[in-house]
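Report on the following structure.
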Amino acid sequence: MKNRNIIFIIKRLLYSILVLWALSICVFYLARCIPGDPARMALGERASEEVLQRFRILMYYDKPALVQYYYWLNNLFHGDLGVSLVTRQPVLEDIGQVLPATCELAIYALIFATVIGITIGVISARYHNTWVDNLGRIAAYFGIITPSFVFAIMGMLIFSYVARVLPSMGRISPELIYTSKITGLITIDALIQGNFIVFFDAFKHLILPVVSLGLIGMAEEGRITRNSVYNNMGKDYIISAQSYGVPEKVIMFQLLLKPSINPVVSILGLEFANILAGAFLVELIFNWPGFARYGMNAILYKDINAISAVILIVGVFVLLGNIIVDIIVGFLDPRIYLMEGRSE
Amino acid sequence: MKKTIFSQILYSEKWGNLKRKWYKFSRNPLSIIGLIIVSIILFFAVFAPFLTVHPEAVSKYVNFSEAKQLPSLRYPFGTDIYGRDIFTRVIYAFRISLLMSGVVILIAAPIGVILGVIAGYFYNKWISILIMRTTDVFLSIPPLILALSICSILPRNLLTTMMALSLLWWTWYCRMLYGLVTSIRGEFFIKSAELIGAGKLHILFNEIIPNCLSVIITKMTLDVGAIILIGSSLSFVGFGAQPPTPDLGGMIASGVQYLPDAWWMSVFPSINLLVLVLGFNLLGDGIYDMLTVGRG
Amino acid sequence: MVIMLNKKAKILLIILFTVGILIIISSMGIASSPSIVRYSSDWPLSIDPAIGMDVQCVVAYINLFDPLVFLDSKGNAIPHVAKSWDVSSDGFTYTFYLRPGIKFHNGEEITAEDVKFSMDRLLAIGEGCGYIWLGKIQETEVVDKYTVKFVLEETFGPFIKTLYSFYIVNKDLIMANIEKPGMYGDMGDYGKKYVSSNDVGSGPYMIKKYNRAEYLLMEKNPNYFLEISSAPDEFKMIGSTEPVLLQTLMSRRELEMTNRWCADETLESIAKIKGVEIARWPGGTVTYIAMNTKRPPLDDIHVRKALAWAFDYDTAVKLFAGSIQARGPLALDLPGNDPNCFQYHRDLERAKAELKKSKYYGHFDEYPIDCRWNSNIPQEKMAMLIMANASDIGLSVNVTETTWALFSAASSSIETTPQLHSSLHTPYYPEAGSVLQSRYHSITTGTSAQSEWLLDPVLDEMIDDALSTVDENERYSKYKEIVKYIIDLCPTIFVAETPECVAYQAGYMEYPAAKGEPISAYQYENCMRFIKVDNEKREKLLKK
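Protein chains in written order, with the numbering used here: chain A, 1 to 344; chain B, 345 to 640; chain C, 641 to 1184.
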């Protein structure tokens, strides 16, 4: 069994690297497809032809695509993601600044979505087809059908404008200067250093964006859990457990939960990456200096280097997420490993 | 039509099954509500020109003197900042939304399903690996970013946005079917069909796909809402239908800036968007309940 | 046991949550801070004066740096870094005598070396507003420690006024941080990387914190050579212009000024907040719809004139509160304008008559017209208006939104520049020449400033001649000729002269621009040293 696990993981890793390489080619090609002269974009439209030409030579834009790809890949391995045409700073630095902000959002949103979503789903399935179920389903629906930006704006209007309970922008209040960065996640850093004022302030700033982002995840996971539990409730082993008189709570938590969370867990990895990239509207509205907004600006401003870097990083996250999730799912539902064995 | 023993049993039970399933479907009030909502919306969408009083609201027309009117008898949902009747625009926007979802699903689903089934059935053969790795590449970029990137290269209009969405949507079907098929291909009825000597094509189309239909149809119904939502996020940034063509997402995006004063400009399209997506979701869930064997 | 633990855990969680929420609610309250002006602006920003030209960049430059001369609000040059100047009789040599004792933020003094370095750097990098002096300056000479001489290639009438946009940077500091190899030979990257995140200026404000993704926070320079004790202690530029966010911040007194170019509706909404008012003043901005004169069907002057006759100027003017219909490409009181030049008005009959004279008559559906606007609600309204007006005379116009980057890329060639472009223009220095050159000279074709692609050598000649005329009155009368010539060509629909509109906290802020008098110096109103903030009044408003 253990050997099979390791082989499985290694296989997945190798495949992922292959996928990453294919992704890098796609990304490179996509960036080159974007119409417009990158030199002109970087130096402004008033720059003289002479200056533009110098820039092109410096950046190898005059060389054929394959050569450019080689230099780009080379730089990638040295950690050089190029210079953003918009901020004129190394993309790596820019991303280093913005990525932790969105990671913080995404992690909290995921926790929110998962915990509350699974709870709603389990309760819904347990009391399925009664009013509790319908209530839960409607709550979940509103989560799914409300776009995150609509909720963000409503939330900001209600909680920040009308009732001044929550702050409306940024990660912490301006008077709190938070300097020492350990992980980049303000709440975690503050906790590590024992600075509770900063922690609570950052937490306050997190509430609205996190709920806006987590709503869709919560609703989806709620619904998936509900359907999954509902499905499994009809399975033979549950019915036999019931007829043996096993108490309700034991059935719910020990027999049903693990296989039912399977589909939820399998989308967790994707969820994280989705939030990472899809948070841009929420970040825009709350002026959150995050990765998604950075990526979105990169796309709108045709900042080639930034776009490539953003898509690659998101790709890495997704693939990593998938691998981790596959491993966890493998533990929860051994059928996958067994299938591997059978077909070989 | 070639039939195996099993599919013969399936077919003969079909009508009886349907009656039972309809009964099950109708027992849940939410699913009925979903059906009603979807029917109403479809009715409005199809008969839009006959139901609206201000047809110029969707053409090249501005009337600044009538701009920002409160909802009234003349303008049930009020007017927007260009003086166009919002009610008319919402009805026509249903058409656009349904068109977008319809086109994307009709392109993405068949491609995705066929590729997914092939990949799942021929597991571990080179074709499966090829398909799934390609899918992985597409799936490793979150849909919004991919859609944005593609849309930013192409000229901005509804057609290109639909193409961009189709390009990334088939991967969801592919992956879902792949997962499904890999778990059913070990089931007895498949093995028996293989033993009997049924051809690969037959197995794929007559054994596997009919058993996945419930999931596929559910997903298609739910996808209508999802596509409309992604479309609205894209409209927020200016892609999708271009003025003066109305689009729910675009209307919300432009209306949101005028909160809280001219609330009707964003509230009505939002409510209609929610109702539209809600309807399809309720319907989709009802279909799912109807087609799966649960505890009921 | 398992069940009991779960129950306990649940109760504990609930208690923790409630306590947490209570603490959160009780820890509200904003500590009082030094007097600060917060300003919402477009993003991103550049703090290198050789690179940026956008409004938000200039707002930063005007506070972080000192220009050689300053302008008063009417546009006349007054001494600043230069305390006096001489012009040679042939108009080719300008000598500036610098004021000693002006210090950069790192303590070094401004000398002629810094002035020469700044100009050389500006011209070498060639981005941003360097184009104003490109090709005009032959050499910059250091005569002695406080004297610098500009030798020009050709006479340039408005030269002194233009130096208001010439900012002095710290030569020693930049030279110590040049990166090699770079695009500029010996000069490496000319310090571009260093200057993009560091303070190399001498202005009334210094960089306190620059968070490139979010904001730029500046604090008052305690050693500034002019008296600025009543100016706000801090100035923060916040990089977001979302209307809902602005409204929320304004009502919580966390924002003092909004950016220009908010939609009228947003401004009115914000002005409803107690203590907030809208400041409006003429800044010389003209809103227009540019027509690409080299793409069919607009390459035919009759079609252009038809559109000019069909446009609904009255409605457009009503769209911009406080504006008047434009007379030609220049604002009414811009020096050099002709207040009596020809003005169109909406006349559908004449429009249709013009259309009939066109060679494309009957074939208009083969030539769809594309109209673009970028990221600015007032421009969207104009685009929609021309779309409706055009369909009144049978022309089909499609309106598309675009981003500035996309539009800039599309402007680089005739075929990709859209036929109609709804935009606006503010003069960079207070003279007609600034607008006429930026908008109609062949030098600016291929940039987003000119979508008309006029490429008219006669016009170029006239503009160059006017700009090199040293005598003011002669220059102004030449401008009038040029305006007449341009209007005859009908390359643009001149819509309205729109005032700058900004919502600001009138309850506790003194904003000189709010008087409503015309301001000719670009971004003069955002010079923080002329603004006052009263913290006590702010606290009072907060408590209400």
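All C-beta atoms in this analysis are idealised placements derived from N, C-alpha and C, irrespective of residue type, glycine included. Keep in mind that this is a model prediction, so the values were computed, not measured.
Could you run through the stretch 116 to 141 of chain A and flag, in chain order, every residue whose CB is less than 8 angstroms away from some CB of chain B?
Taking a C-beta cut-off of 8 angstroms against chain B, the contacting residues of the stretch 116 to 141 of chain A are H128, N129, N134, R137, I138, Y141, listed in chain order.
Supposed close pair P936(C), Y1000(C) - CB separation, criterion 8 angstroms
That belief holds up - the Cβ atoms of P936(C) and Y1000(C) are roughly 7 angstroms apart, short of 8 angstroms.
Just checking: is the beta-carbon of T1043(C) within a distance shorter than 7 angstroms of some beta-carbon in chain F?
The question asks about chain F, but that chain is absent: this structure's protein chains are A, B and C.
Going by the CB atoms, is the gap between A853(C) and V98(A) shorter than 7 angstroms?
It is a contact, given that the beta carbons lie within the stated cut-off.
Residues near L442(B) in its chain [Cβ-Cβ closer than 8 angstroms; skip 5 each side]:
Apart from sequence neighbours up to five positions away, the residues of its chain that approach L442(B) with a beta-carbon distance below 8 angstroms are I385, L386, A389, V568, ordered along the chain.
Can you give the beta carbon distance from V132(A) to I138(A), rounded, assuming they're within the 8 angstroms contact cut?
So it is not a contact: roughly 11 angstroms between Cβ atoms.
Is D629(B) buried or exposed, if buried means 16 or more other CB atoms sit within 10 Å of its CB?
Residue environment analysis places D629(B) among the buried positions, since at least 16 neighbouring C-beta atoms fall within 10 angstroms of its C-beta.
Where in the stretch 1039 to 1088 of chain C do unbroken runs of the beta strand (DSSP E), each at least 3 residues long, occur, reported from the N-terminal end onward?
Counting whole runs of 3 or more residues, the stretch 1039 to 1088 of chain C contains the beta strand (DSSP E) stretches 1060 to 1065.
Are F199(A) and L191(A) close, meaning C-beta to C-beta below 7 angstroms?
Closer than 7 angstroms, so yes.
Residues of the stretch 1124 to 1135 of chain C whose Cβ lies closer than 7 angstroms to any Cβ of chain B, in chain order
Residues of the stretch 1124 to 1135 of chain C with a C-beta atom less than 7 angstroms from some C-beta of chain B do not occur.
What does M156(A) reach in chain C if we use C-beta pairs closer than 7 angstroms?
Against chain C, a Cβ distance below 7 angstroms from M156(A) picks out V884, T888.
R371(B) to A606(B) span [Cα, whole Å]:
So the two alpha carbons sit approximately 41 angstroms from each other.
Return the first residue and the last residue of the alpha helix (DSSP H) that D760(C) is part of.
Following the DSSP letters along the chain, one finds D760(C) inside the alpha helix (DSSP H) bounded by residues 752 to 765.
Which runs of the alpha helix (DSSP H) spanning at least 4 residues fall entirely within the stretch 256 to 318 of chain A, listed in chain order?
Unbroken alpha helix (DSSP H) stretches of 4 residues or longer found wholly inside the stretch 256 to 318 of chain A: 257 to 278, 280 to 286, 291 to 300, given in chain order.
Alpha carbons only, please: which of M1024(C), I777(C), P975(C) is nearest the one belonging to L959(C)?
L959(C) has its Cα closest to that of M1024(C), out of M1024(C), I777(C), P975(C).
Report the rounded CA-to-CA distance for G843(C) versus D726(C), giving the unit in angstroms.
Cα to Cα, G843(C) sits roughly 25 angstroms from D726(C).
Contacts around F736(C), its chain only, beta-carbon distance under 6 angstroms, and the 5 residues preceding and following it disregarded
Here the set comprises A722, W725, V788.
Reduced DSSP secondary structure (H/G/I, E/B, other) of D1188(C)
It is not possible to answer for residue 1188(C), since the shown part of chain C is limited to 641 through 1184.
Simplified DSSP assignment, three categories, for G418(B):
The amino acid occupying residue 418(B) in the given sequence is Arg; Gly does not appear at that position. DSSP places R418(B) in coil when its eight states are reduced to three.
With 16 as the cutoff for other CB atoms within 10 Å, does K535(B) come out buried or exposed?
The residue is exposed, with fewer than 16 neighbouring Cβ atoms inside 10 Å.
Would you please verify whether the beta carbon of T361(B) is less than 7 angstroms from any beta carbon of chain A?
The question names Thr, yet the displayed sequence has Asn at residue 361(B). It does not: the Cβ of N361(B) has no partner Cβ on chain A nearer than 7 angstroms.
Assess contact between the stretch 195 to 214 of chain A and the stretch 106 to 119 of chain A, defined as three or more Cβ pairs (one per stretch) separated by less than 8 angstroms. Is contact present?
Yes, since at least three Cβ pairs between the stretch 195 to 214 of chain A and the stretch 106 to 119 of chain A fall closer than 8 angstroms, the two stretches touch.
Look at the alpha carbon of N5(A) and the alpha carbon of I328(A), and state the distance between them as a whole number of angstroms.
Here the alpha carbon of N5(A) sits roughly 11 angstroms from the alpha carbon of I328(A).
Would you check if the stretch 1069 to 1081 of chain C and the stretch 1106 to 1124 of chain C touch, i.e. whether three or more CB-CB distances between them fall below 8 angstroms?
Yes, the stretch 1106 to 1124 of chain C touches the stretch 1069 to 1081 of chain C.
Answer yes or no: do E867(C) and G582(B) have a C-beta to C-beta separation smaller than 7 angstroms?
In this structure, G582(B) does not lie closer than 7 angstroms to E867(C) by Cβ.
So that I know if they touch, is there some Cβ in chain B lying closer than 7 angstroms to that of S343(A)?
Low confidence applies here, because S343(A) scores a pLDDT of 37, under 50, leaving its location unreliable and the question unanswered by this model.
By a C-beta neighbour count over all protein chains shown, 10 Å radius and 16 as the cutoff for buried, is S343(A) buried or exposed?
Caution is warranted here: a pLDDT of 37 is assigned to S343(A), below 50, making its placement in the model unreliable, and no coordinate value can be reported.
Should V397(B) be labelled buried (16 or more other beta-carbon atoms within 10 Å of its own) or exposed?
V397(B) comes out exposed.
Could you check the C-alpha separation between I118(A) and G136(A) for me, to the nearest Å?
Each residue's Cα considered, the two are about 11 angstroms apart.
Alpha-carbon to alpha-carbon, M59(A) and A39(A)
Approximately 9 angstroms, taken between the alpha carbons.
Cβ contact check for the stretch 1142 to 1152 of chain C and the stretch 684 to 696 of chain C: 3 or more pairs under 8 angstroms:
Counting Cβ pairs under 8 angstroms, fewer than three are found: no touch.
Assigned exposure category for S666(C) - 16 Cβ within 10 Å defines buried
Confidence is the limiting factor: at S666(C) the pLDDT is only 47, short of 50, which leaves the residue's position unreliable and the question unanswerable from this model.
The beta strand (DSSP E) that contains C1141(C), what's its start and end?
The continuous beta strand (DSSP E) containing C1141(C) extends over residues 1140 to 1144.
Just how far apart, CA to CA, sit S672(C) and E1165(C)?
For S672(C), the predicted structure reports a pLDDT of 49, less than 50, and the residue's modelled location is therefore unreliable. A value from the coordinates is still provided. If I take the Cα positions, the gap works out to 26 angstroms.
Helix, strand or coil for K1180(C), going by three-state DSSP, please let me know.
DSSP, reduced to helix, strand and coil, places K1180(C) within a helical segment of the structure shown.
So M858(C) packs on M846(C), CB below 8 angstroms; how close in whole Å?
Contact holds; Cβ gap of about 6 angstroms.
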